[in-house]
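Accompanying notes for the structure given below.
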Amino acid sequence: MRAPLSLLLPCFLFACSDYEIKPDEDEPGEPLEETGDPECPPQIPDCNDSEPPEDTEVEVVDPGDCDIKLADPGTVEIAEECEGSGSSGTVTDPFNLTIEMSYTSAGSGAIVMPAVGNLNDDNGDGRVDETDIPDIVFTTWQGNTLVALNGADGSEIFEVSGYNGQGGVTIADVDSDGEPEIVAFTTANNIAAVNNAGVAKWKSATFGVMSYPQPTVADLDADGKPEVIGDIGVVNGEDGSTVATLTGITNSWRTPIAADLDQDGKQEIILGNRVFSATGGLLWSNSGTGAGNFSAVADVDGDPGGEVFFVSGNQLYLHDDDGTLIRATTIPGSNPGPPSVADFDGDGEIEIAIPANTTISLWKIDGTKVWQMPMQDSSGLAGCSGYDMDGDGAYEVLFADEDALRMYDGATGAILYENYTHSSGTVWEYPVIADVDQDGSAEIVIASNVYSGAGVKGVTVFGHAGDGWPQSGPTWGTHDFAVTNLNPDGSVPIVPEASWQKYNVFRARPSVDDPSAADLTVSYDDLCVADCNNGPIKISFQVANKGAVDVEAGTPWAFYKVDGETVTLVKTGTLDAIAAGTAAQGFAIELVPGDIGVNGFLMTVDDDGAGGSLHSECDEENNTVVWIDRICS
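According to the numbering used here, the sequence shown is numbered sequentially starting from 452.
Have a look at this one:
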């Protein structure tokens, strides 16, 4: 991915730039180089140069002598910011699991996703943050209690009554006091913020009867004060006072998502088939009318905005960030549950996994079905999640139906693991992945219940029976988990980094939430003009990868001419593979004089010329080299 040219041009064309041109009397010209102090290119009249522009025209040579230099391949220093904590590598016998903890004293069990976060200062450093032992929180079905467990040993921190056992929970610092709270629903339909002793700090007004309500937390208006979205109620995180009531939602079952889809600095709320503004006004809606209408946010087109997947009835809908319907696809089953988005087959592109009442399936973003597998989920309301359990670079699909926890191969749908120490009526739960005991290896947390009769009840933590799975982050605090929407310490980001720009996963997580990344840069190397009237003009470039991840062949590049504020695409192509820490062999392109603008040209890598890109890089601002210069008079 790279910064949009529309954002780059104002700097390059009308103001002092981070680049300068250094013409040489004996050479045809030099590239614009990065400089610490921006300087004004001499040919930009809007810059405050006191001297007239110097002549930087290139020398015209005989057509037969228009040879061009190609840079030799070499090595470059890997940027420190590109070296993430990364995965622990391939796992030996990855689907050999053991039960690390089981809590069965939960009445009839739990039908909600267990939230994982930190409630207590376990290490005694005076702070409650991600270095403490995570805690597991859930409500009990029928018992209507709120339960908090120590993630390492399963010991009970508290169990308090009066909380809706059909309602979900979120762990987040809603009042910004440095200690995360639990957001839950009372049996009287209040939204409540509960402290680490099980005492409610506040309760909101009631918002009518809410069917299986779910919460999330976000700083919707970026004022430093988080809001709590509890189904249709939006309240102030400090005191529970009402901010807005979301109206017009007819879908019986839904779960809220907060995300700044249009990147205007304020987050939108997605609930049911509707998208609301930060103040609760309706922005747009999806046409799905199924009983369940669940969503996921991802990047499918390479632009800064987030696209929204809706699943409803037997349809998968894909909308652009402004509500424009991109595609509707018929999917198998009915009553689909909350989907998961990740690169499940390891091809560098995201897919969406969708559980329904009798089947679970995987889909490409263009609506192509990858695979479909039978399962048993009569309600169709349980969700799925994703994690790279074996460290091979492709995510597995995790799902728990009425009978078993299963892991599916992301590429083929083959069942890699199943465990029948589970039963459920499949209502709101889905497997959660977090390092709940801080042992450096991810665990899987699932909720079980006897909703449909005798069986397993409570919460079970599965771990790897060997040396461990790739390390994950220690928290999974909310149903709409997207890595960046809550900070690891439970605090609420004022302006969260768009998850679809950094990770492009939803209800899934990369190992340790800090993967290594590529970093492509491009530099000008040489230029030759054979004839100013007819050409050819030859320009050579070199692309380097300063990142810590290899880039496969096929990365696009785009060459543009620049005329004032107008940028016109001239030519596109693709690159060979570039290993991490290397500069590739230089390459040349051949042009005619009309391909060079009055104000020069731009060359951008990881740009297909139509707004698309392949890579999420650790630095998205260094993919372009700019020549602001006359080549011929």
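Cβ coordinates follow ideal geometry from the N, Cα and C atoms, glycine included.
- The beta strand (DSSP E) runs lying completely inside the region 958 to 1004 and spanning 3 residues or more are 971 to 980, 988 to 996, given in chain order.
- DSSP places S950 within a helical segment (H, G or I) once states are collapsed to three.
- In the assembly as shown, K997 is a buried residue. Its beta-carbon has 16 or more other beta-carbons within 10 Å.
- Collapsing the DSSP output to three states places D1046 in a helix.
- Each residue's CA atom was taken as its position, placing G594 and T1055 some 59 Å apart.
- In the DSSP secondary-structure assignment, K820 is bridged to W814.
- A straight line joining the alpha-carbon of M840 with that of M858 spans about 9 Å.
- Secondary structure note for I700: it is in no beta strand (DSSP E), with a DSSP letter that is neither H nor E.
- Here D715 is exposed. Its C-beta has fewer than 16 other C-beta atoms within 10 Å.
- Note: M1054 is bridge-paired with F1010, V1076 in the DSSP secondary-structure output.
- T781 has its alpha-carbon roughly 30 Å from the corresponding atom of D1059.
- Residue L597 holds the alpha-carbon nearest to the alpha-carbon of A561 among E581, L570, L597, G1037.
- Contact check for D1001 and A1031: beta-carbon distance about 5 Å, within the 8 Å limit, so the pair qualifies.
- A straight-line Cα-Cα distance of about 13 Å links V542 and G891.
- The alpha carbon of E758 has as its nearest neighbour, out of F1010, L1042, Q993, N955, the alpha carbon of N955.
- For Q1036, there is no enclosing beta strand (DSSP E), as DSSP marks it with neither H nor E.
- Around the beta carbon of K520, fewer than 16 other beta carbons lie within 10 angstroms, which makes this residue exposed.
- Nearest Cα to F850 within the set G788, D888, D843, A893: G788.
- If you ignore the 5 residues before and after N574, its C-beta comes within less than 7 Å of the C-beta of T582, D583, all in its own chain and listed in chain order.
- For the pair V634 and A648, the CB atoms are not nearer than the 7 Å cut-off.
- In terms of Cα proximity to M552, the closest of N601, V1076, L856 is N601.
- In this structure I816 is not in contact with I805, their Cβ atoms being roughly 13 Å apart against a cut-off of 8 Å.
- Just measuring C-alpha positions, the residue of D672, D1046, L1026, P524 sitting nearest P944 is D672.
- About 16 Å separates the Cβ atoms of Y881 and G861, ruling out a contact at the 8 Å cut-off.
- Under the DSSP assignment, T872 falls outside any beta strand (DSSP E); it carries neither an H nor an E label.
- Beta-bridge partners of L548 (DSSP): H915.
- Between F761 and S703, the alpha-carbon positions lie close to 15 Å from each other.
- Put simply, the backbone Cα of A855 is about 9 Å away from that of Q827.
- According to DSSP, L600 shares a beta bridge with I587, E607.
- Between the region 861 to 878 and the region 975 to 994, the count of Cβ pairs shorter than 8 Å is below three; the stretches do not touch.
- Contact check for W1078 and Y975: beta-carbon distance about 6 Å, within the 8 Å limit, so the pair qualifies.
- Note on S962: 16 or more other CB atoms within 10 angstroms of its CB, so buried under the neighbour-count rule.
- One alpha carbon belongs to P524, the other to L971, and they sit about 14 Å apart.
- Closest option to G764, judged by alpha-carbon separation, among A959, E532, A779: A779.
- DSSP, reduced to helix, strand and coil, places E802 within a strand of the structure shown.
- In the three-state scheme derived from DSSP, where H, G and I count as helix and E and B as strand, C835 is classed as strand.
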